[in-house]
Amino acid sequence: MPPLAVLTLLVLLPAFDALRFSLGWVPEDNVSYASGLNLIRSSQPTLAVFGRLFSSASFGRDLGLTLFVTLTSVALLTVVSYALAVYARFGRGRWVGAVRTLYLLPMFIPGIIAAYAITTFYGDHGLLQAMLERVGVQGYHSPIRQSWGIVLGSVWTGIPFAVLMLSSGLDGVAEEQIEAARDAGASFWVILWRIVLPLNLVPLLIVLTFSFIGVFGSFTIPYLLGPAAPNMLGVSMQLNFGAFRQPQVAVAMAVFSFLVCALVGYLYVVATLRQNGRRV
Amino acid sequence: MSVPAIPAPRAAWFLQVAGLRRALGAILLLAFSAFLLMPLWTLLLWAVTERWLYPGVVPQQFGLKWWSWVFSNADIGKAAFWSLTTAPTVTLLSALVCLPAAYAFARFDFPLKRFFYVALLASNAFPKLGLYIAIAAFFFRLGLIGTFWGVVLVQLVNALVVMIWIPSAAFAAVPKELEEAARDAGASPLRVFFSVTLPISMPGIIVALILTFLGSLDESQATLLIGTPQITTLPIQMYTLVSSYPEPVGAVFSVLLATPSVVLLLLARRYLLAGYLAAGFKGG
């Protein structure tokens, strides 16, 4: 299996290497590791690198921002996408087709361009501010270069995947079930909560986990739309690896993010296996 | 939707008035459209602007002078060269590596199939930047940093899942009866594959190729880590353009960079949706 060889070479070995390095084992033949600043060397596995990382104030702020942005983005993304998916599935009228095309749009746009486009519209003295001023609204504070800017960008870029995923689940909901419930006098919310949601739980779980992992480890959006400090973990990793020349810190952060996402990813794998087991 | 039979929340009384409900729906739709479209509209305007001073709602002076600037810039030419060499290489290499495996996933039962399946899924569930950092450190030892093949290999990671999933679904959709009929007519297994299986599953494979190509063309994070300073593809150039050039340059460049994606994806849209939904995973 050649893909497995690629997987081993490009995912498992580097991840294992990173884990060892973060536990204090510094490979002397690796110049990028051995020449780093503030190295912790140990012949025994040690948690000293993580200890120092967790006790540093800047990591705490970075982690706080990352969690805030990730959770807010995932929550907003899920709500907006669910509403869109339900509308695209059950809505009637001429707007449904337009919405179905519209929500796919961000899929066509590379992330870095999306970030730039969002800056030009929402940024200081951008088009939005000009338009608001035109209708007499003063005191616009741009979300760009704030934590909300990252949320904005993450939701924007995350919509196609989330809506597609949720729609694929909704397509499996039979029209008759809805009709039967409606005849029995159930309200819209009851139908949504009692019938549609349970049938659609696995795709929802996949959207939640994938969006979480995607935003948690993102780089381009927070790099271009986020504040200069604190940074999201992805940006902070990149800075520590490159500009600050602290590869061990960067690698320890990477391992930490692996662990967080492994926990979340476990849910995803379980959910996917269950879904495929049911379909086959 | 339906008239609630249970007492509705007090604040939502007006939702029962059909006209108001429709208006609310229209406002939400409009807000959503604006949210998605306005940034792109701004970008398109900037791309054909020569002077746009705040607080104008439209540019004061239109023009295309920045297009010639972008086209004559040497750095951008170099970046275009790297983009147009890495992306096809990644696509071809991933097809060579993955298509046999995709066929195996679709047609054969083999030991540990479940395990491989999970392993692939798991590689897709890694937080990307963390993985790239780990790979970058690993590549330093192999001397792959700043090289063409380093960039190709790191982009291959992203291609794996796309290139296995969608073709695998396509192979599995080919009716077994057709293959068996061809076999009965005396065709060799290889002949059956190339004359029956491959043509029928072609749309799925083409979608996977397109997605891989575009994914590679738009990839910025891994290339930034592994490729710099020698290998600067177009998206990498974008990081520099965004921060240190006037707005129209970035806008023109964005339009150029997004055009191949939009064209290719629109062409493959029908297959694409089917492929996405069948595979049920995140690509790109």
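Which chain is which? The protein sequence lines are A and B, in order. Be aware that the first sequence starts at 118, since it is given in the working numbering, and climbs by one per residue. Be aware that the second sequence starts at -19, since it is given in the working numbering, and climbs by one per residue. Each residue gets a CB set at the ideal place from its N, CA and C atoms; glycine is no exception.
{"Item": "Which residues, in order along the region 16 to 28 of chain B, keep a beta-carbon less than 7 Å from a beta-carbon of chain A?", "Value": "Leu16, Met18, Pro19, Leu20, Thr22, Leu23, Trp26"}
{"Item": "Scan the region 365 to 395 of chain A for residues whose Cβ lies nearer than 9 Å to a Cβ of chain B and list them as they occur along the chain.", "Value": "Ala367, Val368, Met370, Ala371, Val372, Phe373, Ser374, Phe375, Val377, Cys378, Ala379, Val381, Gly382, Tyr383, Tyr385, Val386, Thr389, Leu390, Gln392, Asn393"}
{"Item": "Within 8 Å, do at least three Cβ pairs link the region 193 to 201 of chain A to the region 264 to 276 of chain A?", "Value": "yes"}
{"Item": "Excluding five sequence neighbours on each side, which residues of the same chain lie with their C-beta closer than 6 Å to the C-beta of B:Glu158?", "Value": "In the sequence as presented, Glu is not what sits at residue 158 of chain B; that position holds Leu. So the list reads Val176, once near-sequence residues are dropped."}
{"Item": "Mapping DSSP to helix, strand and coil, what is B:Phe42?", "Value": "strand"}
{"Item": "Going by other Cβ atoms of all chains shown within 10 Å of its Cβ, with 16 needed for buried, is B:Ile7 buried or exposed?", "Value": "exposed"}
{"Item": "Between A:Gln246 and chain B, is the shortest Cβ-Cβ distance under 9 Å, so that the two count as touching?", "Value": "yes"}
{"Item": "Cα separation between A:Gly177 and B:Ile216?", "Value": "30 Å"}
{"Item": "Roughly how many whole angstroms lie between the Cα atoms of B:Leu10 and B:Cys78?", "Value": "43 Å"}
{"Item": "Excluding the 5 residues flanking B:Leu23 on each side, which residues of the same chain have their C-beta closer than 8 Å to its C-beta?", "Value": "Ala231, Ser234, Val235"}
{"Item": "How big is the Cα-Cα spacing for A:Pro144 and A:Leu130?", "Value": "14 Å"}
{"Item": "Mind listing the chain B neighbours of A:Glu250? Cutoff is C-beta to C-beta under 8 Å, in chain order.", "Value": "Pro35"}
{"Item": "Measure the alpha-carbon distance for B:Arg1 versus A:Ala200 and round it to whole angstroms.", "Value": "15 Å"}
{"Item": "Closest Cβ-Cβ distance between B:Gly207 and chain A: below 9 Å?", "Value": "no"}
{"Item": "So the candidates are A:Ala135, A:Pro120, A:Thr183; which of them puts its Cα closest to the Cα of A:Ser353?", "Value": "A:Thr183"}
{"Item": "Taking 9 Å as the threshold (beta carbon to beta carbon), is B:Lys108 in contact with chain A?", "Value": "yes"}
{"Item": "What residues from the region 252 to 285 of chain A come within 8 Å of chain B, judged by C-beta to C-beta, listed N to C?", "Value": "Trp273, Ile276, Phe278, Leu281, Met282, Ser284, Ser285"}
{"Item": "Counting only beta-carbon atoms, is A:Leu156 nearer than 9 Å to chain B?", "Value": "no"}
{"Item": "For the region 111 to 125 of chain B, list every residue whose C-beta sits within 9 Å of some C-beta in chain A, in sequence order.", "Value": "Leu111, Tyr112, Ile113, Ala114, Ile115, Ala116, Ala117, Phe118, Phe119, Phe120, Arg121, Ile125"}
{"Item": "Leaving out five residues before and five after A:Leu314 in sequence, what residues of the same chain have Cβ atoms less than 8 Å from its Cβ?", "Value": "Leu321"}
{"Item": "State the DSSP-derived secondary structure class of B:Thr203, mapped to helix, strand or coil.", "Value": "helix"}
{"Item": "Use the C-beta contact count for B:Met218: other C-beta atoms within 10 angstroms, 16 or more gives buried, fewer gives exposed.", "Value": "buried"}
{"Item": "Quick one: does B:Phe12 have its CB under 9 Å from some CB of chain A?", "Value": "yes"}
{"Item": "If you count every other CB in all the chains shown that lies within 10 Å of the CB of A:Gly228, and 16 or more means buried, which is it?", "Value": "buried"}
{"Item": "Using C-beta distances below 7 Å, list every residue in its chain close to B:Pro(-16), excluding the 5 sequence neighbours before and after it, in chain order.", "Value": "Model confidence at B:Pro(-16) stands at a pLDDT of 45, short of 50, so the residue's coordinates are unreliable; what they give is reported in the following sentence. Cβ neighbours of B:Pro(-16) beyond the five flanking positions: none."}
{"Item": "Kindly say whether B:Val242, judged by its beta-carbon, lies nearer than 9 Å to any beta-carbon of chain A.", "Value": "yes"}
{"Item": "Taking B:Leu178 as the reference, give the member of B:Thr192, B:Val154, B:Gly126, B:Ser196 with the closest Cα.", "Value": "B:Val154"}
{"Item": "Can you give the Cα-Cα distance for A:Gly351 and A:Asp288, rounded to whole angstroms?", "Value": "36 Å"}
{"Item": "Leaving out five residues before and five after A:Leu124 in sequence, what residues of the same chain have Cβ atoms less than 6 Å from its Cβ?", "Value": "none"}
{"Item": "Which residues does DSSP list as the beta-bridge partners of B:Thr29?", "Value": "B:Phe42"}
{"Item": "First and last residue of the alpha helix (DSSP H) that includes B:Met182?", "Value": "178 to 198"}
{"Item": "For the region 159 to 181 of chain A, list every residue whose C-beta sits within 9 Å of some C-beta in chain B, in sequence order.", "Value": "none"}
{"Item": "On a CA-only basis, which of A:Tyr204, A:Ala234, A:Tyr220, A:Phe225 is nearest B:Leu246? Give me that one, please.", "Value": "A:Phe225"}
{"Item": "Give the residues of chain A in contact with B:Met218, contact being defined as C-beta atoms less than 9 Å apart.", "Value": "Pro227, Ile229, Ile230, Tyr233"}
{"Item": "Which chain A residues are close to B:Ile144, counting only those with a beta carbon under 9 Å from its beta carbon?", "Value": "Pro120"}
{"Item": "Is it buried or exposed, A:Glu293, if we count other Cβ atoms within 10 angstroms and call 16 or more buried?", "Value": "exposed"}
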